[in-house]
Every structure is written in C-alpha cells, then in structure tokens.
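For the record, the sequence lines run as chains A and B. For the first sequence, the numbering used here gives the first residue as 1, with consecutive numbering after it. For the second sequence, the numbering used here gives the first residue as 207, with consecutive numbering after it. Glycine included, every Cβ here is placed at the ideal spot set by N, Cα and C. Remember, it's a predicted structure, so these values are computed and weren't measured experimentally. Structure record follows, encoded as structure tokens.
Number of protein chains: 2
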Amino acid sequence: MSRRSEIIELAVLGLLHEAPLHGYELRKRLNALLGTFRALSYGTLYPALKSLLAGGLIRALDPDDAAESLGRGTGRRARIVYELTADGKERFQSLVTQSGPAAWEDETFDVHFAFFARTDAATRLRILEGRRMRLQERLDGVRQSMTRTRERLDSYTLELQRHGLESVEREVRWLTELIDSERASNMTHLRNPDALPGRPDPPGPG
Amino acid sequence: MSRRSEIIELAVLGLLHEAPLHGYELRKRLNALLGTFRALSYGTLYPALKSLLAGGLIRALDPDDAAESLGRGTGRRARIVYELTADGKERFQSLVTQSGPAAWEDETFDVHFAFFARTDAATRLRILEGRRMRLQERLDGVRQSMTRTRERLDSYTLELQRHGLESVEREVRWLTELIDSERASNMTHLRNPDALPGRPDPPGPG
DNA sequence: TCCAGATGTATCGAAGCGATACATCATCGC
DNA sequence: GCGATGATGTATCGCTTCGATACATCTGGA
Numbered sequence: 001m002s003r004r005s006e007i008i009e010l011a012v013l014g015l016l017h018e019a020p021l022h023g024y025e026l027r028k029r030l031n032a033l034l035g036t037f038r039a040l041s042y043g044t045l046y047p048a049l050k051s052l053l054a055g056g057l058i059r060a061l062d063p064d065d066a067a068e069s070l071g072r073g074t075g076r077r078a079r080i081v082y083e084l085t086a087d088g089k090e091r092f093q094s095l096v097t098q099s100g101p102a103a104w105e106d107e108t109f110d111v112h113f114a115f116f117a118r119t120d121a122a123t124r125l126r127i128l129e130g131r132r133m134r135l136q137e138r139l140d141g142v143r144q145s146m147t148r149t150r151e152r153l154d155s156y157t158l159e160l161q162r163h164g165l166e167s168v169e170r171e172v173r174w175l176t177e178l179i180d181s182e183r184a185s186n187m188t189h190l191r192n193p194d195a196l197p198g199r200p201d202p203p204g205p206g
Numbered sequence: 207m208s209r210r211s212e213i214i215e216l217a218v219l220g221l222l223h224e225a226p227l228h229g230y231e232l233r234k235r236l237n238a239l240l241g242t243f244r245a246l247s248y249g250t251l252y253p254a255l256k257s258l259l260a261g262g263l264i265r266a267l268d269p270d271d272a273a274e275s276l277g278r279g280t281g282r283r284a285r286i287v288y289e290l291t292a293d294g295k296e297r298f299q300s301l302v303t304q305s306g307p308a309a310w311e312d313e314t315f316d317v318h319f320a321f322f323a324r325t326d327a328a329t330r331l332r333i334l335e336g337r338r339m340r341l342q343e344r345l346d347g348v349r350q351s352m353t354r355t356r357e358r359l360d361s362y363t364l365e366l367q368r369h370g371l372e373s374v375e376r377e378v379r380w381l382t383e384l385i386d387s388e389r390a391s392n393m394t395h396l397r398n399p400d401a402l403p404g405r406p407d408p409p410g411p412g
C-alpha cells in the first residue's frame, strides 16, 4: 500500500466518522480537505472504497434506507452510502494517533492536522514538533545549496528561491504559534477541559 | 502528452539550454527547480529523455568527448551527456513564450517563472497577471465555501483553512509586487536595458 | 584493505490521473 | 410544456508516473 493510499484511507475514514456519505459527496469533501491541488479522481476513490469494503472497514448502507427521501420506484440508479464499521473506527483511531515521520511529511501532515480534534494533546504536540523539525531541516538544506550555487542563478530563479524560503519560514512560525498554544492549553487543561487551542476564539458564537 | 510531461519537457530543455548535462545531474537540478515536493524519479526522467531524443530535440554527446577527463579504457559504463539541438532550442523558445492558462496553473507556473530570463517583458506580464487572476478566483471560491460550511468545521480544520487562505493572499501580494516592478522596469526599459526586476537589489554584494 | 555512500544508467510492478461513458435530476429560457 | 445545460451520481480504461530495485563504478575514511 503506497503513501498516497494511506492518506486516502485516513481521510475517507475520518470523513465517514462524522457522517455516512456516498462517493460523490465524499470526493467533494475530500478535495476540500486535501486542497484544490492534490485533488483525487474517481479512478482513485472508487477502487479505494472497494478495498475498504473488502477490508471490512466500511459498509454500504441498505439502499432502501438511503432512498427513503426519494420515493421513486423507477430504475433510478441508487446512491451507495457508506458508513464506518467498528473495525473502521478502530483503524481510524490507530491511524490518526500514529505520530511518526509518516504523520508529518508534506503529503500527510495537513490531513492529520485536519483530524486533530480526535487526537490527544501529546500526539498533537509530537506531530507539530516533528513537522517543524522537518521544515527546518529543509531550510538548512536549501540555504546550504544556495550558498553553493548562488552565482550561476539569474535573478528570477533567485527570487523564486527567496520566496519559497520565506514561505517555509512563515510556516515554521505558524507551527511555533500552534505548539505554544497547544502547550498553554495543556497546562490549563484541568481547569478548562473544553478549551480548544489555536487562533480562532475557541467557542465563538458565530 | 500529459500536463506533467510538458513541464518536464520545458524544464529539461531549459536546463540543457544553459549547459549539456547527463541524467543524474539533470535530475538533481530538476528537483532543485521543481522543489523537494514534486520531485521526479528516474522512472519518469529516462523515458522522457528517450522521447526527447526520438523527437530530435536533444542529442547525446559523443561518449569519447564526455569521457576525456577519465582516461580509462576499462568497461566503465559511460555517462550519457545530452545537449540541445537546433530544433530543441526552437521548441524551448516556443514553450517558454506561451502565455496561456497552461503557463500559470499550479504545476507549471514556477517552472515558467524560473526561465523568465529567456522571455520578453510582455510575456512575463501576461503570465504574472494570469497567475494572480487564477489565485484570486480560488480565493473567492474558498471564501464562499467557507461561509457555507463554517458551522460544521471544528477549530483545527478552520485554522488549517485560515492558514491556507493567508498563504494564497500572501502569494497574491508577491505577484502584485512583481507585476509593479516589471511594469516599472518596462517603462525605464530604454534608459536602463540591463535592469532586472524583483526584490533583491540586483547585483548586491551578498 | 574494506566498507559505506555517492555517482550513474536503467527497468518493472503497482498506483493514480484524466478522460470518458452512462444515467437521472433541477433549472431556466422559450 | 419543451429542450438545453449543468449538477449529481457510479464506474472503468489506458497511459503516465512513482517507488523500489538492480547493477556497476568511484571516493573517502576507519
């Protein structure tokens, strides 16, 4: 099973954890979650659903239940609504709780982050710190290769590199804010168990 | 020919435009150019080189010339050094000058940008403005979907979206700076033809 | 001297993408 | 009403690309 398909597995299980969904809707939410970039096609989603079905992690709802709101007896092709099985919930918990390199690489980090609400504070901290470390390693590498090769780059390539570097630095600062915020709410944890860390005023009325 | 392979074609031709290179070195520079993300494998590069060879856009240098500095007569597997043909140079110019959507999508923009030094100011402006427009469309889309679905997102997903939005906004500002700078140097063009636009004080002492 | 790691070309199986097929439903101009 | 257009919906096929690996040589240090 490839790296990519693990992300898809985690994302699908996570979305179905909130509510049963059919393929089309699943893809829309998946693409919102993964970003416009890295969107996935039906040629990926349907085989993935098949494999999850085969593994017993998800189950198709009875079509009759799903069609209740459309009282048509005609040969309308039924939507196939999927929900998590007990095994699926277990699998999701084990995936979302894993906090190794697999959780903080480029392709995986944001999906893990999106499901932070279902993890414990210790896991969140490990993933955030791992991610920050990963980005700092990259900064070091780029900066070194820049000093080595700066003279043969024209100013456009240089500007591109500068902008890229700045983006990564910005992301590191973002992670640091999140880590601090996570640590702070960790300490006040007993006093205020419902508080959620992060920028937005937590339980805002909006 | 897919979208991806067009990028590879442009990038390979562009790199060989500067100097003849062999596969291994080509891949290293390609990955520096494309970013650590989106790196390409040998399973992609070598078939691409094959197809460029078949199309007459590149040519393998005489192995004897390439091996001159290693005076070994043994069965050492020779490096295969590629250089551009006249057709290849022409093809590169036509690719790098094209300024349609194909030049400002996510996957293509930075490669086009990296070779801006080989384009004229009008092309650069069109691509930069197209890219900015593209990102602004995306901002609109995301903002709309945010107001539609904000209530069912937890604060982590929300924070992720906020950060993503901010990144795109930042990129729009960057593009605006570049466009302004490009326009300015366009106007002073006759007076100072060697001036290059962009943030870094051009020939700065380092 | 010997081993580990960089350099170098090349291919194979598996996975994912983009396009497409096919079908129903909602909406709007006419 | 009536056809057109586009959203909703499931599904597959061919081609590209990836990740892993094979194989071979060179370099530097224990």
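Asked, Found
"Between which two residues does the beta strand (DSSP E) carrying A60 of chain A extend?", "I58 to A60"
"Would you mind listing the alpha helix (DSSP H) stretches within the stretch 72-125 of chain A that are 4+ residues and don't spill past its ends, in chain order?", "86-97 and 106-114"
"Looking at the structure shown, is L246 of chain B part of a helix, part of a strand, or coil, going by DSSP?", "coil"
"With distance defined between alpha-carbon atoms, name the residue in A:L165, A:F116, A:E107 and A:E159 nearest to F243 of chain B.", "A:E107"
"Would R132 of chain A pass as an interface residue toward chain B - the criterion being a Cβ-Cβ separation below 8 Å?", "no"
"In the DSSP assignment, find the unbroken alpha helix (DSSP H) run with L364 of chain B in it and report its ends.", "S361 to M393"
"Kindly confirm or deny that the stretch 285-294 of chain B and the stretch 255-263 of chain B touch, where touching means at least three C-beta pairs closer than 8 Å.", "yes"
"If you measure from the beta carbon of S305 of chain B to each beta carbon in chain A, is any gap under 8 Å?", "no"
"Under 8 Å between the Cβ atoms of S387 of chain B and G336 of chain B?", "no"
"Can you list, in chain order, the residues of the stretch 244-272 of chain B whose Cβ is nearer than 9 Å to any Cβ on chain A?", "none"
"Just to check my reading of the structure: S145 of chain A and A238 of chain B have Cβ atoms closer than 8 Å, yes? What is that Cβ distance to the nearest angstrom?", "7 Å"
"Answer yes or no: do G241 of chain B and G164 of chain A have a C-beta to C-beta separation smaller than 8 Å?", "yes"
"Does any residue of chain B bring its CB to less than 8 Å from the CB of R138 of chain A?", "yes"
"Can you grab the Cα-Cα spacing for the pair S211 of chain B / N186 of chain A, in whole Å?", "48 Å"
"How do the stretch 323-332 of chain B and the stretch 84-93 of chain A stand: do at least 3 beta-carbon pairs fall below 8 Å, yes or no?", "no"
"Is D360 of chain B near L160 of chain A, with beta carbons less than 8 Å apart?", "no"
"Output the boundary residues of the alpha helix (DSSP H) element that contains A217 of chain B.", "R209 to E224"
"Rank A:E171, A:L61, A:T97 and A:T147 by C-alpha distance to the C-alpha of A19 of chain A and give the top, closest one.", "A:L61"
"Tell me whether R143 of chain A is buried or exposed, calling it buried when 16 or more other Cβ atoms sit within 10 Å of its Cβ.", "exposed"
"Taking Cβ-Cβ distances shorter than 7 Å, what residues in chain A pair up with L366 of chain B?", "D110, F113 and A114"
"Can you tell me the Cα-Cα spacing of H318 of chain B and W310 of chain B, whole angstroms?", "8 Å"
"I214 of chain B to A254 of chain B, Cα distance in whole Å?", "8 Å"
"Run down chain B in chain order and give the residues with a C-beta less than 7 Å from the C-beta of A117 of chain A.", "D360 and Y362"
"Give me, in chain order, the residues of the same chain whose beta-carbon lies closer than 6 Å to that of L13 of chain A; leave out the 5 immediate sequence neighbours on both sides.", "G88 and F92"
"How is the alpha helix (DSSP H) around G35 of chain A delimited, first residue to last?", "Taken as a continuous stretch (DSSP letters only), G35 of chain A belongs to no alpha helix (DSSP H), as it is neither H nor E."
"Closer than 7 Å by beta-carbon distance: list the chain B residues that pair up with D106 of chain A, in chain order.", "F243"
"Run down chain A in chain order and give the residues with a C-beta less than 9 Å from the C-beta of S351 of chain B.", "A32"
"I'd like to know whether the C-beta of L16 of chain A is nearer than 8 Å to at least one C-beta of chain B.", "no"
"Which of helix, strand or coil does DSSP assign to A66 of chain A?", "Any reading at A66 of chain A must be qualified, since the residue scores a pLDDT of 45, below 50, and its modelled position is unreliable; no value is offered."
"Indicate whether T119 of chain A and T147 of chain A have their beta-carbon atoms separated by less than 8 Å.", "no"
"Using a C-beta to C-beta distance shorter than 7 Å, which residues of chain A count as neighbours of H369 of chain B?", "W174"
"Measuring only the C-alpha atoms, how far is E171 of chain A from R376 of chain B?", "12 Å"
"What residues are listed by DSSP as bridge partners for L21 of chain A?", "A:Y82"
"Would the beta-carbon of Y248 of chain B fall within 8 Å of that of R233 of chain B?", "yes"
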